[in-house]
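Below: the structure, in structure tokens.
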Amino acid sequence: MTKKSAPSPAKPVFLDQKFWDNFAKNIWEKKPLVLKNVKSGLLELGNVEIFDLLVLYANQCRKLNDPTGFKFYIDGFKADAEDVLQVLPEKSDKSLLGYHARMKALFPDYCLVCDELLQVNLKKQHLLAEFTDELYRHVGFPNRFSEMGLYLGNYRKTPFGVHVDSCGVFSFPVVGTKRFRIWTSEYAKKNPALDRAFKYDKYKKDSLLLEVGPGDMTYWPSSAWHIAESDGSFSATWSLGVWVDHPHKEMVAQAFNSLLEQKLGPTGKTVTTPFKSLHSKAGEVTELPEAYKTSIQALQSLTAKELQETFLKSWMTHISLQGFKTIPHIAVKLSAKSRIQLRSDKSMILWQQGLTSKDRFFFSFGGALVESTKASGFLKLVKALNAGETCLISDFIKGATAKKDLSSLQALANAGAFV
Ligand SMILES: [Fe+2]
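If you use my numbering, the sequence shown corresponds to residues 22 to 440, in order.
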């Protein structure tokens, strides 16, 4: 009798340039992928660290009496916010499995989702940023954002059944085996009964089953219909959703809206439009009300520089969020005597010089945008901070604009720029 040898572990896969080139060309938004034994900083987040992060975040929620960021499902039904606070992980659970033991005794089928876990840990957030930076470099910067969620529990099916999201999804199991069942959008269109289905046995033969465990990664495109399945054993999984539902024209419209706000002045705010006549006796419409004529004039006076400045400001503000919905905040109250440094050398304060007036400078961090006029001190401070220096604010910000500049700096601090 020959002894059956254990399956040898898959060869490690490094997420290097070659991987990303191939991913962007052949996989992204095209087809699902399973990778075993992936070497990425993101997988450094093991179950011990994740449990600690969960308790830290749960403690915050209990203190604020606000479970925002957590969702809890029992037998597929979403629990009310006040009930969620009662079932969050506690230090006395000691581990993810300890938490599971406590929950299992209460609920035969539960699912805890935490969307904002990395918000509580600046040191770990960069592991995610390293992954997304590489992704964005190869597939483009998301016009919306990416969000990372942790899903844990013994739930047998995704609480909302078979569904499709407007995001491509990367999953990284931390504990247990995870199975995702996938159908193409063409198939789901032909079989509308799949939508939100929990019973789909007759469609299984046409599905693709992605099965992954700790150390592995899976990806499916935004068009894929999917559901997570389990035999009722415990699992914990990171899931990174990259939203792809915001086309470029929306970006242009958004930026243009802010320009219209300035350009159209009070006319832009009117909610009824005075007119002389609506149409001729024959029904022909020829006359444009005065408000439109004024607006046309305003648009015709737009210069290339104004457009360029508007779009650059909008793009800068967008990328200052680093492709995330939000970035971690640390409350720092500033005064002229504060010594500040960037919270991370990878999270610089972005800036641009005005194009319509060289005296105007715009600065952005974490989605906040501030302006400083004749900003020599402010700009020097930002450049020093971006170079990694720790700065005493009063060394840079002084004189007549000091008060305004300090409040602009506070707006960047509120967005999480400094420690
Ligand atoms: Fe989903």
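Even glycine gets a Cβ: it sits at the ideal position worked out from N, Cα and C.
- Classified as buried, residue 343 has 16 or more neighbouring CB atoms from the shown chains inside 10 Å of its CB.
- Annotation: the continuous alpha helix (DSSP H) that includes residue 119 extends over 117-127.
- Taking all protein chains shown into account, residue 115 has fewer than 16 neighbouring C-beta atoms within 10 Å of its C-beta and is therefore exposed.
- In the three-state reduction of the DSSP assignment, residue 419 falls in the coil class, being assigned neither a helical nor a strand state.
- At least one heavy atom of ligand 1 falls within 7 angstroms of the beta-carbon of residue 186.
- Distance check between residue 337 and each of 389, 401, 50 and 308 places 389 closest, using alpha-carbon atoms only.
- The alpha-carbon separation between residue 103 and residue 75 amounts to approximately 18 angstroms.
- DSSP lists 257 as the beta-bridge partner residues of residue 196.
- When C-beta atoms of the stretch 421-428 are compared with those of the stretch 360-373, fewer than three pairs fall below 8 angstroms, so the two segments do not count as touching.
- The beta carbon of residue 247 sits closer than 7 angstroms to at least one heavy atom of ligand 1.
- Nearest Cα to residue 354 within the set 331, 440, 426 and 215: 440.
- Cβ-Cβ separation between residue 33 and residue 60: approximately 5 angstroms, consistent with a contact (criterion under 8 angstroms).
- Taking every protein chain shown into account, the CB of residue 86 has fewer than 16 other CB atoms within 10 angstroms, so this residue is exposed.
- Exclusion of the five residues before and after residue 282 leaves 289 as the residues of its chain whose Cβ lies within less than 8 angstroms of its Cβ.
- Take the alpha-carbon of residue 95 and the one of residue 128: they are about 7 angstroms apart.
- The distance from the Cβ of residue 109 to that of residue 83 is about 7 angstroms, consistent with a contact at the 8 angstroms cut-off.
- C-alpha of residue 89 to C-alpha of residue 228: approximately 34 angstroms in a straight line.
- The alpha helix (DSSP H) runs lying completely inside the stretch 130-216 and spanning 4 residues or more are 143-160 and 206-211, given in chain order.
- Per DSSP, the beta-bridge partners of residue 241 are 190.
- Separation of the CB atoms of residue 230 and residue 200 is rounded to 6 angstroms, and the pair is thereby assigned contact status at 8 angstroms.
- Residue 263 is a Cβ neighbour of residue 163, given a cutoff of 8 angstroms.
- Distance between residue 64 and residue 261, taken at the CA atoms: about 13 angstroms.
- Under the 8 angstroms Cβ criterion, the stretch 187-205 counts as touching the stretch 239-248, having at least three qualifying pairs.
- Remark: C-beta atoms of residue 148 and residue 280 do not approach each other more closely than 8 angstroms.
- A direct Cα-to-Cα measurement between residue 160 and residue 303 gives close to 54 angstroms.
- Note that the C-beta distance between residue 192 and residue 134 is not below 8 angstroms.
- Residue 213 is classed as exposed because its beta carbon has fewer than 16 other beta carbons within 10 Å across all chains shown.
- Going by DSSP, residue 394 is part of the beta strand (DSSP E) stretching over 389-394.
- If you check the CB distance, residue 218 and residue 183 come in under 8 angstroms.
- Cβ neighbours of residue 399 within its own chain (closer than 6 angstroms, five residues either side excluded): 393 and 426.
- If you draw a 10 Å sphere on the C-beta of residue 329, you find fewer than 16 other C-beta atoms in it, and that means exposed.
- In the DSSP annotation of this structure, the continuous segment of the beta strand (DSSP E) that includes residue 247 starts and ends at 246-250.
- Between residue 248 and residue 167, the alpha-carbon positions lie close to 20 angstroms from each other.
- For residue 291, same chain residues with a beta-carbon under 8 angstroms away, outside a window of 5 residues either side, are 312 in chain order.
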